[in-house]
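Peer 1: Input: one structure, supplied below.
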Amino acid sequence: MLLDERIEKIQTEMEELSIQLADMLGVALFYAGVPNEKIHKAVEAYLDTYDKMFGEEGGSYEDVIVVIEYLKRNRPSLFK
Numbered sequence: 000m001l002l003d004e005r006i007e008k009i010q011t012e013m014e015e016l017s018i019q020l021a022d023m024l025g026v027a028l029f030y031a032g033v034p035n036e037k038i039h040k041a042v043e044a045y046l047d048t049y050d051k052m053f054g055e056e057g058g059s060y061e062d063v064i065v066v067i068e069y070l071k072r073n074r075p076s077l078f079k
């Protein structure tokens with residue numbers, strides 16, 4: 000396999016993983032109380048808040064919980 004083909008394959012796999020991660024975030028927000036019709040908006044709010052709180056420093060499941068709890072307190076309109 001040529002280098003360009005390997006790079007393209009890795010890029011495709013990264014895109015697929017990114018989509019799966021976004022889906023999993025949507026599921027986490029749904030189970031935290033966000034109704035289906037607000038999932039997209041809640042994901043955007045989550046990503047903005049995560050970046051502001053942790054930037055490149057974050058990365059643990061505890062960080063995900065902290066951000067969701069923050070959104071529940073500060074953006075209750077996103078939740079049921």
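Using numbering that gives the first Met the number 0, you'd call the opening residue of the sequence shown number 0 and step up by one each time.
Note that CB positions come from ideal geometry on N, CA and C, so glycine has one too.
Every value quoted in this text rests on a predicted model; they were computed, and no experiment measured them.
1) Is it buried or exposed, Val63, if we count other Cβ atoms within 10 angstroms and call 16 or more buried?
2) Is Ala21 buried or exposed, if buried means 16 or more other CB atoms sit within 10 Å of its CB?
3) How big is the Cα-Cα spacing for Arg72 and Leu16?
4) Just curious, the alpha helix (DSSP H) that Glu4 is in, first and last residue?
5) With DSSP run on the structure shown, which of helix, strand or coil describes Lys79?
Peer 2: In short:
1) Here the question's residue 63 lines up with position 64 in the sequence shown. The residue is buried, with at least 16 neighbouring Cβ atoms inside 10 Å.
2) To locate residue 21, count along the sequence shown from 1; it is residue 22. Flag for Ala21 reads exposed.
3) One-based indexing of the sequence shown puts residue 72 at position 73. One-based indexing of the sequence shown puts residue 16 at position 17. Taking the straight line joining both Cα atoms gives about 30 angstroms.
4) The residue labelled residue 4 in the question sits at position 5 within the sequence shown. Looking at the DSSP string, the run of the alpha helix (DSSP H) that includes Glu4 is 2-30.
5) Within the sequence shown, numbered from 1, the residue matching residue 79 stands at position 80. Looking at Lys79 - three-state DSSP - the assignment turns out to be coil, as it is neither helix nor strand.
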